[in-house]
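Engineer: Below you will find the structure I want to go over with you.
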Ligand SMILES: C[S@@+](CC[C@H](N)C(=O)[O-])C[C@H]1O[C@@H](n2cnc3c(N)ncnc32)[C@H](O)[C@@H]1O
């Protein structure tokens, strides 16, 4: 793309048509993103360690009732949850398509924790799991058809009575995401490029489909070449999530205010949902 393509862009993107999400699976982007996952200065890509420990405690004590289990961690990133769950005796398997994250996870996890570099939409899930988890709102970033297929594959991977744990973005958080004003920044080196660049950002809220889309336009300062990334996020009501889980064969659907089971002291962007096969 070049600068005139920016002028001729579609005024409002069709959800998921321009691109589906930020390029987690691009090797250079994933190397830069890994730093954000591991940063103890913010909770943007992964939560900071003390918060992850609290979430892992709740998963271990409440969801798994302390019983040694086999866990499937979808979109596991650098394995920060899986490694801690494996240290408590669980057998974990993480799937993620970010090469730098999976490389880090493999190097930094106990032996009862394995990983696959792959796309959760196409990868085969290992059978015999007691818990399948997909956390930190990534579930909302999939097209509804892909999200439904992921639920069905997770259901098939679980043992009878096995559980799914989803952490989804609240409806209001997604609407807010799509209602942000346009903005921009310049950076000598940042998440979207190692080289000096400008980043222009636009957000859109599609009221009829209840989808937020975010467009990132990255302009290389030396060459003026343009790269565009667009990410769409589906807002779901609790009723819509329940319908999706029921359609995939889950029952006993319970909602919790956070991954500690209690209201979060931070902004309530996410809720946790647990359902049973
Ligand atoms: C917000 S991060 C959360 C990572 C991890 N669950 C955590 O909380 O630390 C979302 C993760 O989902 C992964 N992801 C997104 N789409 C994916 C896909 N289609 N297949 C596999 N992984 C995916 C990204 O690479 C990223 O690691």
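Residue numbers (the numbering used here): 1009 to 1285. Beta carbons: idealized from backbone N, C-alpha and C, even for Gly.
Looking at residue 1193 and residue 1181, is the spacing between their C-beta atoms short of 9 angstroms?
Structural biologist: Looking up residue 1181 in the chain shown gives position 173. Looking up residue 1193 in the chain shown gives position 185. The answer is no: Cβ separation not under 9 angstroms.
Engineer: How far does the beta strand (DSSP E) with residue 1142 in it extend, from its first residue to its last?
Structural biologist: Start at 1 with the first residue of the chain shown, and residue 1142 comes out as number 134. Note, residue 1142: beta strand (DSSP E), 1137-1142.
Engineer: At a threshold of 8 angstroms, does residue 1032 count as lining ligand 1 (C-beta to nearest heavy atom)?
Structural biologist: By 1-based counting over the chain shown, the position of residue 1032 is 24. Result yes, Cβ under 8 angstroms from ligand 1.
Engineer: Would you identify the three-state DSSP class for residue 1148, choosing helix, strand or coil?
Structural biologist: Translated into positions along the chain shown, residue 1148 becomes position 140. Helix.
Engineer: Just to check, is the beta-carbon of residue 1008 closer than 8 angstroms to a non-hydrogen atom of ligand 1?
Structural biologist: A question about residue 1008 goes unanswered here, because the residues of the chain that appear run from 1009 up to 1285.
Engineer: Taking only three categories from DSSP, how would you classify residue 1129?
Structural biologist: Residue mapping note: residue 1129 aligns to position 121 of the chain shown, counting from 1. Coil.
Engineer: Could you tell me whether any non-hydrogen atom of ligand 1 is closer than 8 angstroms to the CB of residue 1123?
Structural biologist: Residue 1123 sits at position 115 when you count from the first residue of the chain shown. Residue 1123: no, Cβ never under 8 angstroms from ligand 1.
Engineer: In the DSSP assignment, what are the bridge partners of residue 1040?
Structural biologist: Position 32 of the chain shown, counted from the first residue, corresponds to residue 1040. Answer is none; residue 1040 lacks a bridge partner.
Engineer: Jot down the residue ranges of each uninterrupted beta strand (DSSP E) in the segment 1203-1254, minimum 3 residues, whole runs only, in chain order.
Structural biologist: Here the runs fully enclosed are 1205-1214, 1219-1228, 1234-1242.
Engineer: Quick one: grab the DSSP three-state call for residue 1114.
Structural biologist: Counting from 1 along the chain shown, the entry for residue 1114 is found at position 106. The answer is helix: DSSP assigns residue 1114 an H, G or I state.
Engineer: Name the one or two DSSP bridge partners that residue 1171 has.
Structural biologist: As a first step, residue 1171 is located in the chain shown; it is residue number 163 there, counting from the start. Residue 1171 is bridged to 1139, 1284.
Engineer: Would you kindly work out how many angstroms separate the C-alpha atoms of residue 1009 and residue 1231, rounded to a whole number?
Structural biologist: Your numbering for residue 1009 matches position 1 in the chain shown. Your numbering for residue 1231 matches position 223 in the chain shown. The straight-line gap separating the alpha-carbon atoms of residue 1009 and residue 1231 is approximately 12 angstroms.
Engineer: Determine contact between the segment 1218-1231 and the segment 1250-1258, defined as no fewer than three beta-carbon pairs at a distance below 8 angstroms.
Structural biologist: no
Engineer: So, for residue 1176: in the same chain, excluding its five sequence neighbours on each side, which residues have a beta-carbon less than 7 angstroms away from its beta-carbon?
Structural biologist: As a working mapping, residue 1176 is identified with position 168 in the chain shown. Same-chain partners within the cutoff: 1145, 1147, 1148, 1244, 1249, 1278, 1279, 1281.
Engineer: Taking the alpha carbon of residue 1064 as the point to measure from, which residue in 1201, 1118, 1089, 1049 has its own alpha carbon closest?
Structural biologist: Along the chain shown, read from residue 1 onward, the residue named residue 1064 stands at position 56. Ranking the options by Cα distance to residue 1064, first place goes to 1089.
Engineer: Shortest alpha-carbon distance to residue 1041 belongs to which of 1202, 1187, 1150, 1213?
Structural biologist: Looking up residue 1041 in the chain shown gives position 33. Nearest of 1202, 1187, 1150, 1213 to residue 1041, Cα basis: 1202.
Engineer: Looking at the structure shown, is residue 1186 part of a helix, part of a strand, or coil, going by DSSP?
Structural biologist: For the purposes of this step, residue 1186 is identified with residue 178 of the chain shown, where counting begins at 1. DSSP, reduced to helix, strand and coil, places residue 1186 within a helical segment of the structure shown.
Engineer: What separation, rounded to the nearest whole angstrom, lies between the Cα atoms of residue 1214 and residue 1186?
Structural biologist: In the chain shown, residue 1214 corresponds to position 206, counting from 1. In the chain shown, residue 1186 corresponds to position 178, counting from 1. If you take the alpha carbons of residue 1214 and residue 1186, they lie about 8 angstroms apart.
Engineer: Which residue or residues does DSSP assign as beta-bridge partners of residue 1101?
Structural biologist: Reading the chain shown from its first residue, position 93 is the one you call residue 1101. Per DSSP, 1080, 1122.
Engineer: Is there at least one non-hydrogen atom of ligand 1 closer than 8 angstroms to the beta-carbon of residue 1133?
Structural biologist: To locate residue 1133, count along the chain shown from 1; it is residue 125. No, the Cβ of residue 1133 stays beyond 8 angstroms of every heavy atom of ligand 1.
Engineer: Which residues in the same chain have their Cβ closer than 8 angstroms to the Cβ of residue 995, if we skip the five residues on either side of it in sequence?
Structural biologist: Shown here, the chain extends from 1009 to 1285; a query on residue 995 therefore has no answer.
Engineer: Is any non-hydrogen atom of ligand 1 found closer than 8 angstroms to the C-beta of residue 1183, if you look at the structure I gave you?
Structural biologist: In the chain shown, the residue the question calls residue 1183 occupies position 175. Checking the Cβ of residue 1183 against ligand 1 gives no.
Engineer: Looking at residue 1027 and ligand 1, is the gap between the Cβ and the nearest heavy atom below 8 angstroms?
Structural biologist: Position 19 of the chain shown, counted from the first residue, corresponds to residue 1027. Not under cutoff, so the answer is no.
Engineer: Hey, how far is the Cα of residue 1075 from the Cα of residue 1044?
Structural biologist: If you number the chain shown from 1, residue 1075 lands on position 67. If you number the chain shown from 1, residue 1044 lands on position 36. Going from the Cα of residue 1075 to the Cα of residue 1044 covers about 32 angstroms.
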